[in-house]
Structure formats: structure tokens, C-alpha cells
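Presented below is the structure to which this report refers.
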Amino acid sequence: MFLAVGVALLFLVDSATATPGALDPGFGSGGIVTTTISSGSTVATALAVQPDGRIVAGGETAVGSETEFALARYNLNGTLDASFGSAGKVTTAVGSGGSDIRALVLEPDGKIVVAGEGSDGSQSDFALARYNPDGSLDTSFGTGGKVVTSIAANNGTTADAVALQTDGKIVVGGSNGDTSDFVLARYNPNGSLDTTFGTGGIVITAAGYLTALALQPDGKIVAVGGPRFTLARYNPNGSLDTSFGTGGTVTTNLTTGFEQANGVVLQPDGQIVVGGTLGGRFGLLRYSTSGTLDPTFGSMVTGFVLAAFGQALVQQPDGKLVLAGYADGGTEPAFAVVRYNASDGSPDPSFGSGITTTPIGTHGGAANAVALEPDGKIVAGGVAETGSNDTTGDQFAITRYQVTSMLTTSTAGNGSGVVTSSPAGIDCGTTCTETFAEVVPVTLTATPAAGSLFTGWQGGEGCSGTTGSCEVVMTSDQSLTATFTLAERLTVTKPGRGRGKVTSTPAGIQCGSSCAHAYAYGTSVTLTASPAANSTFKGWSGACSGTGSCRVTMKQARSTEATFARNPACIVPMVLGKRLATAKRKVKRAHCRTGEIRHRLSPHRSGIVISQRPQPRKHLRNGAKISLVVSKSSRP
Numbered sequence: 000m001f002l003a004v005g006v007a008l009l010f011l012v013d014s015a016t017a018t019p020g021a022l023d024p025g026f027g028s029g030g031i032v033t034t035t036i037s038s039g040s041t042v043a044t045a046l047a048v049q050p051d052g053r054i055v056a057g058g059e060t061a062v063g064s065e066t067e068f069a070l071a072r073y074n075l076n077g078t079l080d081a082s083f084g085s086a087g088k089v090t091t092a093v094g095s096g097g098s099d100i101r102a103l104v105l106e107p108d109g110k111i112v113v114a115g116e117g118s119d120g121s122q123s124d125f126a127l128a129r130y131n132p133d134g135s136l137d138t139s140f141g142t143g144g145k146v147v148t149s150i151a152a153n154n155g156t157t158a159d160a161v162a163l164q165t166d167g168k169i170v171v172g173g174s175n176g177d178t179s180d181f182v183l184a185r186y187n188p189n190g191s192l193d194t195t196f197g198t199g200g201i202v203i204t205a206a207g208y209l210t211a212l213a214l215q216p217d218g219k220i221v222a223v224g225g226p227r228f229t230l231a232r233y234n235p236n237g238s239l240d241t242s243f244g245t246g247g248t249v250t251t252n253l254t255t256g257f258e259q260a261n262g263v264v265l266q267p268d269g270q271i272v273v274g275g276t277l278g279g280r281f282g283l284l285r286y287s288t289s290g291t292l293d294p295t296f297g298s299m300v301t302g303f304v305l306a307a308f309g310q311a312l313v314q315q316p317d318g319k320l321v322l323a324g325y326a327d328g329g330t331e332p333a334f335a336v337v338r339y340n341a342s343d344g345s346p347d348p349s350f351g352s353g354i355t356t357t358p359i360g361t362h363g364g365a366a367n368a369v370a371l372e373p374d375g376k377i378v379a380g381g382v383a384e385t386g387s388n389d390t391t392g393d394q395f396a397i398t399r400y401q402v403t404s405m406l407t408t409s410t411a412g413n414g415s416g417v418v419t420s421s422p423a424g425i426d427c428g429t430t431c432t433e434t435f436a437e438v439v440p441v442t443l444t445a446t447p448a449a450g451s452l453f454t455g456w457q458g459g460e461g462c463s464g465t466t467g468s469c470e471v472v473m474t475s476d477q478s479l480t481a482t483f484t485l486a487e488r489l490t491v492t493k494p495g496r497g498r499g500k501v502t503s504t505p506a507g508i509q510c511g512s513s514c515a516h517a518y519a520y521g522t523s524v525t526l527t528a529s530p531a532a533n534s535t536f537k538g539w540s541g542a543c544s545g546t547g548s549c550r551v552t553m554k555q556a557r558s559t560e561a562t563f564a565r566n567p568a569c570i571v572p573m574v575l576g577k578r579l580a581t582a583k584r585k586v587k588r589a590h591c592r593t594g595e596i597r598h599r600l601s602p603h604r605s606g607i608v609i610s611q612r613p614q615p616r617k618h619l620r621n622g623a624k625i626s627l628v629v630s631k632s633s634r635p
């Protein structure tokens, strides 16, 4: 059995790069935003990202001697959204004895549902509120926008998770403080308890303490928490799903150290991935749809971090898993984010340097929530501990991390041209830079201007050679150069009545009549003339001379002529009765060749041609052979 424990080396990522895992310099101050909500201590424990990219953070803030619900909304650049609440902030008292937000979810209409704890000073209860998109309480929900549900008298109950069903009903999960029960409640869209769920809208399971929820497409509810890694699955009516684990629950105990499940996501095939802390390290476990632990998922990684605690889990569109929390390297705790591969749970080495950590606050900080921007960037939310104690100075802390890499292209050479990309973003003839998602290959195309040639790529992973199109995989920042060279045109013509071919090295010229090709400035081109049958190469003129191969250096436009002459036909001469020597001369003058010569006894004088083949006056190709029979005297 392997444990998916996050990479345990404590490294910092340079925020000046666009490498996946680096802080986003376009967000806040170097990728970090801290916010004071009130004069007292403030902690963010929940996070969500709107479709337009604005970030909603929820938690608690100390107001006087008690705490209140606290919300803040941030623009894309990390500034507070002035259109939300009072200068971007909202505080709400729920109960006379203090309250705090532990989870939040966005409704399709932009309303914000938060869940947590509300206290009357002696007992804590499930507490919910719903806000309009502008931060005002939605008075159509509960009583004046708030709902408090007392579930277990004298025990104290806290809501730590919330999920929104497709029908608009709200599922809230939490725990009874004294009895360590999983507690679920389901509410109608107006905030009333859904009496079709459990008993009067409430389900209590003796399983531990609940920290996170996930809704399956079939309406079943997966709840996870502790102690150890504890899971339970419920049917849509709130009853335990007995096909899961043992009677609907699963508990996994793997190490002797601290273990707790704090996040859960569903993979496309229905497998359940649970994230949290295993033995004091970031950890992931995967379970089948029936609740069986997957022994092929994850790998043990050791290192020098004293402790690292996984607090929240989210799944990227490409299936990779992001676990956020905090790591203690021996000084102050810091925000920590680890990304895992979807197939086997191994840490993704392309994300940061193992575990990506971000020091925050003068006394450290911790991430309690994680979410994804529409463009894939990772947002973590938690606390920056700046105060000397737990009641003053601490702030909301938000970080944003890159999942894109920066691609820079430039051009070189004495020519000119344009480099473009697909997906769009790069389109320039000098130097330009664009960021691209790391999971999307970028195809670059180099297009030379008139009078120029593309002569090659330099730099960048996946781009080389002289092909005008190449593909770059954005696993890190990439920088490459496209070279364009001035082109000089070489033209070859072929006068004369003969036939032949002219070819070149390097390639480009290969023609049987006339042709031209543009070569990079300064290229040395060797031309070779090859006559066809019945033709003769007579020689070069123009840029070349002589009858052999020709070399031309392309420092300007050049032209040359390759003259091929047609060889005359062989017209078979009459050589019968001629002496052999005379016959050979006539055959040669007729552009023929003497072929086979045989001797035969004959009454004629010796050495006289007595037969020839072919017959006289036939037109044959140049150099055709004429066979002769020569007399041989029969006299003794």
C-alpha cells in the first residue's frame, strides 16, 4: 500500500516567473493580498470564485468580545470590490454569542450561501446566511437572510461544509461537538428544512466529525472527515448507502501519526479522492465507487519539513488534484500547495518545486480553502498571523498561483517575417510575449515576408529545424527565436533543341524546362546539368560557364542558361560492296556505330561488306549500331 503524501521538501517559488506554481504578480502585491476586516483578529476559512473571476472569501472577524460572519470580495487584480458590501467587506452577527463562516457556495444567480456556527453564548448551532450579489442579506431566505438550526442540545453543533444540489436545495454538513457525530441537514431554497431528508431534514451518524462534502451525479452524498480518514455515503433521502463500505461508512487508518480527511472530489469515472493529512504530511487517498481503498494510487515522499497539513482539495479540469494547507519548516508556518497527477496520485513535478510554499504574516499563516479561477489559476485563502495573540491583528490572506507559462518569441536574421500562434496570443515580427495554459500545446507558425525566407528555430522545447511550424509544450517558461533571411532568386533557363535536367545542391532547382528558387542570402548553390538520351549538354552561360557542374553564390539575384543540343539521327548508310574500312567511316559519318562484324565465306573478294542490318535509309536514334557481314575468300 502506498501513501500519497505530498512532496515534503520546503521550497519557495520565484514569483517573477510564470512557471506553474509561481505566485501571480498580477494579483495583489506579488501574488498576495491581506485584508483587515475589523480591529480584531480575522480568519478566512472558505473561498469561491465567481464566473467573472471575482473571488469571494468568507470566515470570521472579532467584533468586540465576539466574532461575526465576515465576507470580502476581490477583483481580478486582488483589490477589494467596492460594489460589494461596504468597500468590499461584509460582517454579520448570527447569534448573541459569536459566529463564524466555515464554508460557502455560489448559487447560479450569483447569490452567496454561507454555513458555519452561530452561538447564543452557551450552545453553538448550524448557522446559515444567504447574500445577494451586492453583499446585502437576501431577506427571502430564512429570517432576514439567516437560518439557525439547533440540532443537538447541550452538545454544540458546527457546520463545516455546504453543497448546492441541481434543484437548488442546500446540503450542509458538520459535527456534534461532544458526541463526534456526522451531522447532515438539507434545506429548501427558502432556507426551511427539507423534511423529505432524514428525520425532519436532519441526519446524524455516529462516524466522527465531518469536514467536507461532495455530491454525486446520481444525487448521493459523500461526506468525509475524521478521526483518521472517515467516509460515509448517503442516498438522496439521507439514509446510509449500504452498498458503500461497511453499512455505508469507511474508516482508513494508515499511520501512527495525525490523520484527518479535509477535502473530497469525484473523478470522472466516479472514484472518490480524499485529501487531508496523513501522518503529519499532505496526503491523498482514492476509493472505488464501492468504498474500497485503491492501493495503486499515490507514492510515499519524504523530506525535511517538520509537518504539512492538507486543509482543502480541488480538481482541475484536466483531472490534476490541488491540495492546499500549511507547512511548518521550523520557523513559521506558511501557505502550502501541492498538485498531484490524476492517474496515480503522484506529485506533479512541473508545479513549483515539489511543495509550493508562501510565507505570509509576521507570525506565519495557513491556507484553509482553495478554488480555481476560470482561467485555471489557483487561489488559496486563509489567515496571515500578524498579531501577538489570537484576538488582534490577524488578517484574511489570499494568494493566487500561476498554472500558465510565459512564451516569448523573437525574430533574427537580415530578413523579415511574422510568428503567430494557435491558440492566439503570439502575432509579431519582432519580440512578443504571451502566457498559455500549461496543458495546451502551442503551435507556432513562422511566415516570411516577401523577399525573405524562414531559415530555422532556436530555443524552446519542441521547436527546431527549418520547418515553418512547430509545437511547444508549456511545461515551463519558453523562449525561442525564428530566423528570417533575405532571399535571392536563382533562375535557370534551357535554350537549345536538346533535352536535359538541371538540379541543385541544396535542393530547390529541379526542372526540365525553366525554373527558379529563392535561396538565403550567401548560400552557395551547385548546379548540375544532366542531358537526356539523344541530347548533349553544350555548356553554361550567364552566371555559369563551362560544361561541368557550376557553383553560384547567392549574394544577389542570379540567372543562368543550360544549353542542351539534340543529337542528329542515325540514318543507316548503304555500305554493301564497300571495303570494311570504308564502311566503318560511312557508318560514323551517318551518326551511327559499327556493331557486330561477322565473316562468312563468299565468292567475293575478302574484306567486302556482303550484308548489313538494319537496311539502308532507316532513321534510328543517334549512335544506333549497324551490324555487318564481311566476305571471307573461299580460295585456298
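The sequence shown begins at 0 in numbering that gives the first Met the number 0 and counts up one residue at a time.
Beta carbons: idealized from backbone N, C-alpha and C, even for Gly.
None of these values were measured; they are calculated from a predicted model.
- A straight line joining the alpha-carbon of Lys319 with that of Gly375 spans about 11 Å.
- Secondary structure at Leu579: helix, using DSSP grouped into helix, strand and coil.
- DSSP, read as helix, strand or coil, puts Lys88 in strand.
- Nearest neighbour of Gly30 by Cα position, chosen from Tyr400, Gly538, Tyr518, Thr434, turns out to be Tyr400.
- Residue burial is scored here from C-beta neighbours: Asp317 has fewer than 16 other C-beta atoms within 10 angstroms and is therefore classed as exposed.
- Three or more beta-carbon pairs separated by less than 8 Å link the stretch 495-512 to the stretch 524-532, which places the two stretches in contact.
- Taking C-beta separations shorter than 6 Å and ignoring five residues to either side along the sequence, the partners of Ile100 in its chain run Ala45, Gly57, Gly58, Phe68, Val113, Gly115, following chain order.
- The count of Cβ pairs closer than 8 Å, one atom from the stretch 119-126 and one from the stretch 147-158, reaches three, so the stretches are in contact.
- In the DSSP annotation of this structure, the continuous segment of the beta strand (DSSP E) that includes Gln477 starts and ends at 477-492.
- A Cβ-Cβ contact shorter than 8 Å links Arg612 with Ser626.
- Arg584 carries a helical assignment under DSSP once its states are collapsed to helix, strand and coil.
- In this structure the stretch 558-572 lies against the stretch 531-544, because at least three pairs of beta carbons, one per stretch, are closer than 8 Å.
- Just measuring C-alpha positions, the residue of Ala411, Gly25, Val337 sitting nearest Thr480 is Ala411.
- DSSP places Thr504 in the uninterrupted beta strand (DSSP E) bounded by 499-504.
- Excluding five sequence positions before and after Cys469, the CB atoms of its chain that fall closer than 7 Å to its own CB belong to Leu443, Trp456, Gly461, Cys462, given in chain order.
- Pairing Glu331 with Gly324, the inter-Cα distance amounts to about 14 Å.
- Using a Cβ-Cβ distance cut-off of 8 Å, the stretch 133-142 and the stretch 187-199 are in contact, since at least three pairs of beta carbons, one from each stretch, lie closer than that value.
- Straight across, the Cα-Cα distance linking Gly256 with Phe281 is about 12 Å.
- Straight-line measurement puts the Cα of Gly499 at about 49 Å from the Cα of Ser632.
- Residue pairing from DSSP leaves Asp193 without any beta-bridge partner.
- About 7 Å separates the beta carbons of Phe395 and Thr33, which is inside the 8 Å limit, making them a contact pair.
- Within the same chain, Gly225, Gly275, Thr276 come within 6 Å of Gln259 by CB-CB distance, once the 5 residues on both sides are set aside.
- Comparing C-alpha distances from Ala43 to each of Gly52, Lys88, Asp80 shows the shortest one belongs to Lys88.
- Assigned with DSSP and collapsed to three states, Asn367 falls in strand.
- Straight-line spacing of the CA atoms in Phe181 and Thr248 works out to 11 Å.
- Across the structure, Leu322 and Ser409 are spaced so that their CA atoms are roughly 37 Å apart.
- DSSP lists Leu489 as the beta-bridge partner residues of His516.
- Around the beta carbon of Pro294, a 10 Å sphere encloses fewer than 16 other beta carbons of the protein chains shown; the residue is thus reported as exposed.
- Distance check between Ser558 and each of Trp539, Val574, Thr546, Ser289 places Trp539 closest, using alpha-carbon atoms only.
- For the options Ala335, Lys617, Arg488, Ala368, the alpha carbon positioned closest to that of Pro358 is the one of Ala335.
- Contact between Thr398 and Leu103 fails: their C-beta atoms lie close to 18 Å from each other, not under 8 Å.
- By the neighbour-count criterion, in which 16 or more other beta carbons inside 10 Å mark a residue as buried, Arg185 falls on the buried side.
- Secondary structure note for Pro530: its beta strand (DSSP E) is the uninterrupted segment 523-530.
- Taking the Cα positions, Thr195 is about 39 Å away from Asp343.
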